[in-house]
Each structure stands twice: as structure tokens, then as C-alpha cells.
Amino acid sequence: MVQGNKKLSKPLAKQSSRRTNSGITKKGHKTIAPKKAVLVRANNLKKKVTAQLTAGTERSLAERAGHLEVLKGGKKDKKEKEKEKTRV
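Residue numbers (the working numbering): 5 to 92.
Shown next as C-alpha cells:
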């Protein structure tokens, strides 16, 4: 005579195929930084070029929209510099 229900084995938890990089990457980073010297140099060059592009874009926007006080380097700043030069 059977005394109770059979104890069935529980199905295994589904493992995710994506590997987590906890501890390796910094908070907010999605990729692991390159270790090879060539890749490190390329990464630094890319960072420098994108920074230059961003700075140039912001500068041109400031020149076009000089009346806005939010952007630095516009018409208002140029007028203030000219006033300071004439005072001295």
C-alpha cells in the first residue's frame, strides 16, 4: 500500500544564455574595455575625435543661437569680451 504521493523532481531552472559581467565592468558600462595595445589606442583616438566633434558642434550652435543664455560662447559673450577690452 502506498503511503503518499510520489515526490517528483523539480524541473531545472532555465539558465540564461547571456553572461553577466558583474565585477568586471564599471556601473553603467556595457562592454569590457580592450586590453590589446592597438585596440586601446584606437579607443582613445575615437574618444578624442568624438569629443572634438561635440565641442565643434556646440560652438557652432552657440554662434548661431547667440541670444540664448544657456549656450556659452555666443554673441552675448563676444559683446562682453569687447566691452572688457575697451575698458582696459
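Glycine included, every Cβ here is placed at the ideal spot set by N, Cα and C.
For Gln-56, the three-state secondary structure derived from DSSP is helix. Burial check for Ala-55: the Cβ neighbour count within 10 Å stays below 16, so the residue is exposed.
Look at Leu-12 here: in three-state DSSP terms it is coil, with no helix or strand label.
Look at Lys-39 here: in three-state DSSP terms it is coil, with no helix or strand label.
Here the C-alpha atom of Asn-47 lies approximately 12 Å from the C-alpha atom of Thr-35.
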